[in-house]
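Colleague: Numbered per this note's numbering, the sequence shown spans residues 39 to 366.
Built from N, CA and C at the ideal position, the CB exists for glycine as well.
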Amino acid sequence: MADDISKEAGFSAGYAQDNPHGASSSAHLGESSQSAASADNAKPKPVPRGPLSNNRIPRILSVANQKGGVGKTTTSVNLATALAAIGKKVLLVDLDSQGNASTGLGIKRAGIRKSTYDVIFDDASVAETVQTTKVPGLFVLPSSIHLSGAEIELVGADHREFRLQRALRVPLPYDYVVIDCPPSLSLLTLNALVASDAIVVPLQCEFFALEGLSHLVKTIERVKKSFNPRLEIHGIALTMFDKRNNLSDQVAADVRSYFGDKVYNTVIPRNVRLSEAPSYGLPAIVYDMKCSGARAYINLAKEVLKREKKIAQAAGVSEATPSATQAA
Ligand SMILES: Nc1ncnc2c1ncn2[C@@H]1O[C@H](COP(=O)(O)OP(=O)(O)OP(=O)(O)O)[C@@H](O)[C@H]1O
Ligand SMILES: [Mg+2]
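(1) Ordered along the chain, which non-local residues of its own chain (more than five positions away) have a Cβ less than 6 Å from that of ARG294?
(2) Here's a check: name, in chain order, each residue in its chain whose Cβ is nearer than 8 Å to the Cβ of TYR325, leaving out the five neighbours to either side.
(3) Just curious, the beta strand (DSSP E) that HIS253 is in, first and last residue?
(4) Do CYS329 and ASN309 have their CB atoms nearer than 8 Å?
(5) How would you label LYS145, buried or exposed, when you count the other beta carbons within 10 angstroms and need 16 or more for buried?
(6) Does the distance between the C-beta of GLN136 and the nearest non-hydrogen atom of ligand 2 fall short of 7 Å?
(7) Can you grab the Cα-Cα spacing for the pair GLN136 / ILE183, in whole Å?
(8) Under three-state DSSP, which class holds PHE200?
(9) Kindly examine ligand 2 and report whether one of its heavy atoms sits closer than 7 Å to the Cβ of LYS110.
(10) Identify the residues that DSSP records as bridge partners of THR277: which are they?
(11) Our contact map puts HIS272 next to ALA236 with C-beta atoms below 8 Å; I'd like the distance itself, whole angstroms only.
(12) Would you kindly report the start and end of the unbroken beta strand (DSSP E) that includes SER295?
(13) Should LEU225 go down as buried or exposed, given a rule of 16 or more other Cβ atoms within 10 Å for buried?
(14) Candidates GLU191, PRO220, VAL232, ASP218: which alpha carbon is nearest ALA205's?
(15) Which runs of the beta strand (DSSP E) fall wholly inside the segment 157–197 and span at least 3 residues, in chain order?
(16) Counting along the chain, where does the alpha helix (DSSP H) carrying ARG367 start and finish?
(17) Which term fits HIS59, buried or exposed, when burial requires 16 or more other beta carbons within 10 angstroms of its beta carbon?
(18) Is it the case that the segment 112–122 contacts the segment 332–342, given that we only count it when at least three CB pairs across the two stretches are under 8 Å?
(19) What is the DSSP secondary structure of ARG345, reduced to helix, strand or coil?
(20) Beta carbon of LYS290, beta carbon of PHE279: below 8 Å?
(21) Whose C-beta lies closer than 8 Å to the C-beta of ALA383 among residues of the same chain, with five residues either side of it excluded?
(22) Within the same chain, show all residues whose beta-carbon is closer than 6 Å to that of VAL305, passing over the 5 residues directly before and after it, in chain order.
(23) Starting from the Cα of PRO321, find the closest Cα among LEU248, GLY250, SER222, PHE177 and give me that residue.
(24) In this structure, what does DSSP give as the bridge partners for LEU130?
(25) Would you mind sorting ILE190 into buried or exposed? The rule is 16 or more other CB atoms within 10 Å of its CB.
(26) Please confirm if the segment 213–221 is in contact with the segment 97–113, defined as three or more CB-CB distances below 8 Å between the two stretches.
(27) Compute the minimum distance between the beta carbon of ASP213 and the heavy atoms of ligand 2, and state whether it is under 7 Å.
(28) What residues are listed by DSSP as bridge partners for ALA236?
(29) Looking only at DSSP bridge pairs, what is ASN307 linked to?
(30) Name the two residues that bound the continuous alpha helix (DSSP H) containing ILE323.
(31) For the putative contact between LEU241 and ASN103, defined by C-beta atoms under 8 Å, what is the C-beta separation to the nearest angstrom?
(32) Ligand 1 heavy atoms versus the CB of PRO319: any closer than 7 Å?
(33) List the endpoints of the continuous alpha helix (DSSP H) containing ALA120.
(34) Got a sec: does ligand 1 put a non-hydrogen atom nearer than 7 Å to the Cβ of THR304?
(35) Checking 8 Å against the spacing of the C-beta atoms, do ALA139 and THR170 come in under that value?
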């Protein structure tokens, strides 16, 4: 069954800041114990806390939709920035070989020594791969062009669905990890889903919006059964909403009637500032924090944190932890 899914997943064939990991990598002493990833890793583990580190396993949110161009990267970058602006420590993982999240945060390709690829394939630690951004509290695991071959390389790799889980579900100095997924339900996306607590699904307000979503929902259910029982849809974010266009209203109403309160109240408007900002290497929230797109992403982040609080309360803990969704 597990094998079926990974096959179906596509493979039958201002402001400089210190690295939060510090100079030494003692924060990662927990990683070695995770080296033998297996289907057992699908079971949620208690949050390790030890005398050597105050770090804990972060909450991990994947921004995923196999449909291209629906706003995954824009949502990842601006949601991560807004969470950091609210005071959370956030790691954005760029899992797309296009590298738009990395460049959108001002990371120059030439300056990337290690990337998410090295974390997945060469056991590079998060600490040695992470880069700072201009946003205080926001860090990035940059993408590289090597990720374009990752799908094929993963097919024959050991523990191929658990590579990212092994790197990220360990004590880290972040409250949140946000993963920008590529536009496919591939092994890379499967790695993200296996590592995550929940998924944020951006849905473009256009005619065929719901098409493909049922496939995503089925995939989530199967990943949940076979690899990661904690996985939930955190919420559906309606993106590129055009208030002058009746179609946007119609699509939003359809999605809400089908998915109910899984759909965030906040709607992301179509806003040219959101598409301009990446060319300046800045999140829209930094580029023009007053524009309608930036304000919408700040509201979305507040809503995300509200839901996180509910998840934590349902689990009987003061803050959402990686095991909270399981306990809820
Ligand atoms: N709300 C918005 N208003 C205007 N333009 C937007 C908005 N959201 C995204 N865009 C633009 O639409 C394009 C696609 O957005 P984005 O790159 O975020 O989508 P994606 O789902 O990550 O794409 P891919 O599937 O290729 O990774 C980009 O040029 C982006 O700047
Ligand atoms: Mg993208």
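Modeller: Judging by the given coordinates:
(1) Here residue 294 refers to the residue found at position 256 when the sequence shown is read from its first residue. Excluding sequence neighbours, ARG294 sits near VAL301.
(2) As a first step, residue 325 must be located in the sequence shown, where it is residue number 287. Contacts found: ARG311, GLU314, ALA315, TYR318, ALA332.
(3) As a working mapping, residue 253 is identified with position 215 in the sequence shown. That residue, HIS253, is in no beta strand (DSSP E); its alpha helix (DSSP H) goes 251–264.
(4) On the sequence shown, position 291 is the one that residue 329 refers to. On the sequence shown, position 271 is the one that residue 309 refers to. Yes. Within cutoff.
(5) Here residue 145 refers to the residue found at position 107 when the sequence shown is read from its first residue. Looking at the sequence provided, one finds Ile at residue 145 rather than Lys. So ILE145 ends up on the buried side.
(6) Locating residue 136 in the sequence shown gives position 98, where the first residue counts as 1. Checking every heavy atom of ligand 2 against the Cβ of GLN136, one is found closer than 7 Å.
(7) The sequence position of residue 136 within the sequence shown is 98, counting from 1. The sequence position of residue 183 within the sequence shown is 145, counting from 1. Using only the alpha carbons, I get a separation of about 7 Å.
(8) Here residue 200 corresponds to residue number 162 of the sequence shown, with the count starting at 1. Shown here, PHE200 sits in coil according to DSSP, grouped into three states, outside any helix or strand.
(9) As a first step, residue 110 is located in the sequence shown; it is residue number 72 there, counting from the start. Yes, the beta carbon of LYS110 sits closer than 7 Å to at least one heavy atom of ligand 2.
(10) Counting from 1 along the sequence shown, the entry for residue 277 is found at position 239. In DSSP, THR277 forms a bridge with GLN242.
(11) On the sequence shown, residue 272 is found 234 positions in, with the first residue counted as 1. On the sequence shown, residue 236 is found 198 positions in, with the first residue counted as 1. So it is a contact: roughly 4 Å between Cβ atoms.
(12) The sequence position of residue 295 within the sequence shown is 257, counting from 1. Per DSSP, SER295 belongs to no beta strand (DSSP E); it is in the alpha helix (DSSP H), 284–297.
(13) Residue numbering aside, residue 225 sits at position 187 when the sequence shown is read from its first letter. With 16 or more Cβ atoms within 10 Å of its Cβ, LEU225 is classed as buried.
(14) Residue numbering aside, residue 205 sits at position 167 when the sequence shown is read from its first letter. Of the listed residues, the one whose Cα sits closest to ALA205 is VAL232.
(15) DSSP runs (the beta strand (DSSP E)) wholly in the segment 157–197: 176–179.
(16) This structure does not reach residue 367, given that the chain is present from 39 up to 366, and the question cannot be answered.
(17) For the purposes of this step, residue 59 is identified with residue 21 of the sequence shown, where counting begins at 1. Counting Cβ neighbours within 10 Å, HIS59 comes out buried, since at least 16 surround it.
(18) yes
(19) Looking up residue 345 in the sequence shown gives position 307. Note: ARG345 maps to helix in three-state DSSP.
(20) As a working note, residue 290 is residue 252 in the sequence shown. As a working note, residue 279 is residue 241 in the sequence shown. Reading off the sequence shown, one finds Ala at residue 290, where the question assumed Lys. Their beta carbons are under 8 Å apart, which means ALA290 touches PHE279 by this criterion.
(21) Any question about residue 383 goes unanswered here, given that the chain covers just 39 to 366.
(22) In the sequence shown, the residue the question calls residue 305 occupies position 267. Here the set comprises LEU276, PHE279.
(23) For this step, residue 321 is matched to residue 283 along the sequence shown. Closest option to PRO321, Cα to Cα, is PHE177.
(24) Residue mapping note: residue 130 aligns to position 92 of the sequence shown, counting from 1. BP columns for LEU130 point to VAL178, VAL216.
(25) Locating residue 190 in the sequence shown gives position 152, where the first residue counts as 1. It counts as exposed.
(26) yes
(27) Translated into positions along the sequence shown, residue 213 becomes position 175. The beta carbon of ASP213 sits no closer than 7 Å to any heavy atom of ligand 2.
(28) Mapped onto the sequence shown, residue 236 falls at position 198. In the DSSP output, where bridge partners are listed per residue, ALA236 has LEU99, GLU270.
(29) Within the sequence shown, residue 307 is the residue found at index 269, counting from 1. Correcting the residue type first, residue 307 is Pro in the shown sequence and not Asn. PRO307 pairs with PHE279.
(30) Against the sequence shown, residue 323 aligns to sequence position 285. Per DSSP, ILE323 belongs to the alpha helix (DSSP H) from 322–325.
(31) Indexing the sequence shown from 1 puts residue 241 at position 203. Indexing the sequence shown from 1 puts residue 103 at position 65. At roughly 7 Å, the Cβ-Cβ gap stays under 8 Å, so LEU241 and ASN103 are in contact.
(32) Numbered from 1 along the sequence shown, position 281 holds the residue referred to as residue 319. Per the sequence presented here, residue 319 reads as Gly, with Pro not at that position. Result no, Cβ not under 7 Å from ligand 1.
(33) Indexing the sequence shown from 1 puts residue 120 at position 82. DSSP places ALA120 inside the alpha helix (DSSP H), whose first and last residues are 110–123.
(34) Counting from one through the sequence shown, the residue named residue 304 turns up at place 266. Incorrect: THR304 has no Cβ contact closer than 7 Å to ligand 1.
(35) Residue 139 sits at position 101 when you count from the first residue of the sequence shown. Residue 170 sits at position 132 when you count from the first residue of the sequence shown. Cβ distance not < 8 Å, so ALA139 and THR170 don't count as in contact.
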